Amino acid sequence: MAGLAEVPMFVAFGEGVPADAASVLAKAPGLRVVETPRAAAILFVVGTVPEALLPQLHRLHDQLPHPRASALWHSRNELPGATRIEEIANISVLLRAIHRDLLVGSLKSEPDFLSDAPPNEWRGIGPHGQGGKGMMGGTPYGRPMAMTAADLRDGLELDAYTADFGPFLPMLPAGLVLTLTLQGDTIQNVAVAHPPFETQEQRGWVLLNLLGLPALAERMLRATNIGNATVKRLIRLSGARAAIPEGLGRTHDGSDVRTRFDLLTGTSEPIFNLHVQQIGLDDLLIGLEWHEAMLVLNSFDNASLRAICANTSDPEPDTMAGGMDHGVHAGHMS
Numbered sequence: 001m002a003g004l005a006e007v008p009m010f011v012a013f014g015e016g017v018p019a020d021a022a023s024v025l026a027k028a029p030g031l032r033v034v035e036t037p038r039a040a041a042i043l044f045v046v047g048t049v050p051e052a053l054l055p056q057l058h059r060l061h062d063q064l065p066h067p068r069a070s071a072l073w074h075s076r077n078e079l080p081g082a083t084r085i086e087e088i089a090n091i092s093v094l095l096r097a098i099h100r101d102l103l104v105g106s107l108k109s110e111p112d113f114l115s116d117a118p119p120n121e122w123r124g125i126g127p128h129g130q131g132g133k134g135m136m137g138g139t140p141y142g143r144p145m146a147m148t149a150a151d152l153r154d155g156l157e158l159d160a161y162t163a164d165f166g167p168f169l170p171m172l173p174a175g176l177v178l179t180l181t182l183q184g185d186t187i188q189n190v191a192v193a194h195p196p197f198e199t200q201e202q203r204g205w206v207l208l209n210l211l212g213l214p215a216l217a218e219r220m221l222r223a224t225n226i227g228n229a230t231v232k233r234l235i236r237l238s239g240a241r242a243a244i245p246e247g248l249g250r251t252h253d254g255s256d257v258r259t260r261f262d263l264l265t266g267t268s269e270p271i272f273n274l275h276v277q278q279i280g281l282d283d284l285l286i287g288l289e290w291h292e293a294m295l296v297l298n299s300f301d302n303a304s305l306r307a308i309c310a311n312t313s314d315p316e317p318d319t320m321a322g323g324m325d326h327g328v329h330a331g332h333m334s
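Structure (structure tokens):
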């Protein structure tokens, strides 16, 4: 019976991804894209992940529970044991066959790519052997401690946590890695560790997902084109636009997330030229809560977001870390 269920898979997008890749996967029968690798049986790599980000891909793979397998599509990467898929028509058939073979035991589960070691070695380090240094430094039990710092909004002293986010977080454009300092869910500092991959994909469906409308997002992905009249009418009736705070993510041309949402979902015609010169992510994201920041990031087309990332200034290391020693942190990939 389990072999007849939908195949849970986590998708890792690389470079050179077809613009309609997300749409193709949404239309493929018997497949279910999940939000975390811990809920997946198959890691599906679409496109080529550059060498600099392969360690993150390997860590992502090792988070899948057993039994597990991986597959490649439009990818030049080499993953031990991975099935390479060449034709679009074969995606659903091959992935369902892999899943069935995993369940019955005829296909062995893939072993870890990396050694079973913490991201930061901590045992035996520090005066008490738990990885700490002094009062708040080091990486106790493998994770950095948060240091208090003044909140941007009201000056209250709150814990500040700095880590990398990306490159495979579903709510972030593929390839984008941000080093963020968070206090609660409010962004205090931002730096770009890796820009998003170049793509022609339109991410209006991601905005719908972020606004709590996954069924409508899937319907948009399954539509034959962005101008589908039924989908546009449903988006208007959903009230999704009204759920976006007015003025959020405003740029020099006067556009905000609401107006860019209309363009990405095809519910309005272009009435302005997007102007992103001399504006960086530090101008757009600092002071926003996490959910607001995700809406801003996904409201830009790929070329504009890459330009904004290039304009983002790098804060001083002490500013990002809140004056503390974080060491090396694996970050949040998915």
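Counting from 1, position 69 in the sequence shown corresponds to residue 69 in my numbering; the numbering is continuous, with no gaps.
Even for Gly, the Cβ is constructed at its ideal location relative to N, Cα and C.
Note that the structure is a prediction, hence the values are computed from the model and not measured.
In whole angstroms, what separates the C-alpha of P50 from that of E15? Counting from 1 along the sequence shown, the entry for residue 50 is found at position 50. Counting from 1 along the sequence shown, the entry for residue 15 is found at position 15. Near 7 Å, if we compare the C-alpha coordinates of E15 and P50.
Thinking C-alpha only, which one of S299, A293 and G212 is nearest L274? Position 274 of the sequence shown, counted from the first residue, corresponds to residue 274. Minimum Cα distance to L274 is reached at S299.
Enclosing alpha helix (DSSP H) for P170 [first to last residue]: Reading the sequence shown from its first residue, position 170 is the one you call residue 170. Premise fails: P170 is in no alpha helix (DSSP H) and is neither H nor E.
Given a cut-off of 7 Å on the beta-carbon distance, is the pair T186 and D164 in contact? Here the question's residue 186 lines up with position 186 in the sequence shown. Here the question's residue 164 lines up with position 164 in the sequence shown. No, the Cβ-Cβ distance between T186 and D164 is not below 7 Å.
Once DSSP output is grouped into helix, strand and coil, what is the label at T230? Position 230 of the sequence shown, counting from 1, holds the residue named residue 230. Here T230 sits in helix by DSSP.
The beta strand (DSSP E) that contains L72, what's its start and end? Here residue 72 corresponds to residue number 72 of the sequence shown, with the count starting at 1. Where L72 is concerned, the enclosing beta strand (DSSP E) stretches over A69 to W73.
Can you check which of these residues, P55, G30 and G212, is closest to N77 by C-alpha distance? Working through the sequence shown from its first residue, we reach residue 77 at position 77. Closest by alpha carbon: P55.
Reduced DSSP category for P37 - H, G, I as helix; E, B as strand; rest coil: Against the sequence shown, residue 37 aligns to sequence position 37. Here P37 sits in helix by DSSP.
Near L208, which residues of its chain fall below 6 Å by C-beta distance, leaving aside the five closest residues on each side in sequence? Sequence index remark: in the sequence shown, residue 208 carries index 208 (1-based). Same-chain partners within the cutoff: L216 and A217.
Taking just the CA atoms, how far does A19 sit from D282? Walking along the sequence shown from the start, residue 282 turns up at place 282. Walking along the sequence shown from the start, residue 19 turns up at place 19. Going by the C-alpha atoms only, they are around 28 Å apart.
Secondary structure at D185, three-state DSSP: helix, strand or coil? Numbered from 1 along the sequence shown, position 185 holds the residue referred to as residue 185. Residue state, collapsed to three classes: coil.
7 Å Cβ cutoff met for I85 and A28: Taking the first residue of the sequence shown as 1, we reach residue 85 at position 85. Taking the first residue of the sequence shown as 1, we reach residue 28 at position 28. Not in contact: I85 and A28 (Cβ atoms no closer than 7 Å).
Counting only runs that start and end within the stretch 89 to 121, where is the alpha helix (DSSP H) found for 4 or more residues in a row? 91 to 104
Since F10 and L43 should fall inside the 8 Å C-beta cutoff, what is the C-beta to C-beta distance between them, to a whole number of angstroms? To locate residue 10, count along the sequence shown from 1; it is residue 10. To locate residue 43, count along the sequence shown from 1; it is residue 43. Confirmed, about 6 Å.
Could you tell me whether any Cβ in chain B is nearer than 7 Å to the Cβ of G155? No chain B is present in this structure, which holds just one protein chain.
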